[in-house]
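The structure under discussion appears below in the form of structure tokens.
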Amino acid sequence: MDRGEFFYKRFRDGFPYDCTSDQDNLFREIADFVTCDDADILVVNGYAGTGKTSAIAAVIRSFD
4 MDRGEFFYKR FRDGFPYDCT SDQDNLFREI ADFVTCDDAD ILVVNGYAGT
54 GKTSAIAAVI RSFD
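Letter 45 of the sequence shown, counting from 1, is numbered 48 in my numbering, and no numbers are missing.
Okay, structure coming up:
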């Protein structure tokens, strides 16, 4: 398992809800971002109530 897949799995395992397809894509994008040496900034945007904060909270918890 590569590092990106490892992080993706940790993010998904730490998410207490069923993921929407957009949240699943977000977890993959974040996993790619944290394993990439080229990127400095990741922007997460979307409509209110789409689960951005819940998804980011799961990512943060996975680093504890």
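Cβ coordinates follow ideal geometry from the N, Cα and C atoms, glycine included.
What is the DSSP secondary structure of residue i, counted as helix, strand or coil?
i             : result
isoleucine 33 : helix
aspartate 40  : coil
glycine 54    : coil
glycine 70    : Limits of the chain in this structure are 4 at one end and 67 at the other, which puts residue 70 out of reach.
asparagine 28 : helix
Can you tell me the Cβ-Cβ gap for residue i and residue j, rounded? I've got them flagged as a contact below 8 Å.
i           : j         : result
tyrosine 20 : serine 57 : 7 Å
Measuring CA to CA, which of the options is closest to residue i?
i              : options                  : result
isoleucine 114 : Asp5, Cys22, Cys39, Phe9 : The structure shown does not extend to residue 114, since the chain spans only 4 to 67, so no value can be given for it.
Does the beta-carbon of residue i have 16 or more other beta-carbons within 10 angstroms, so that it is buried, or is it exposed?
i                : result
valine 46        : exposed
phenylalanine 18 : buried
alanine 34       : buried
tyrosine 11      : buried
Using beta carbons (cut-off 9 Å, strictly below), is residue i in contact with chain B?
i            : result
aspartate 43 : Structure shown: chain B not included; a single protein chain is present.
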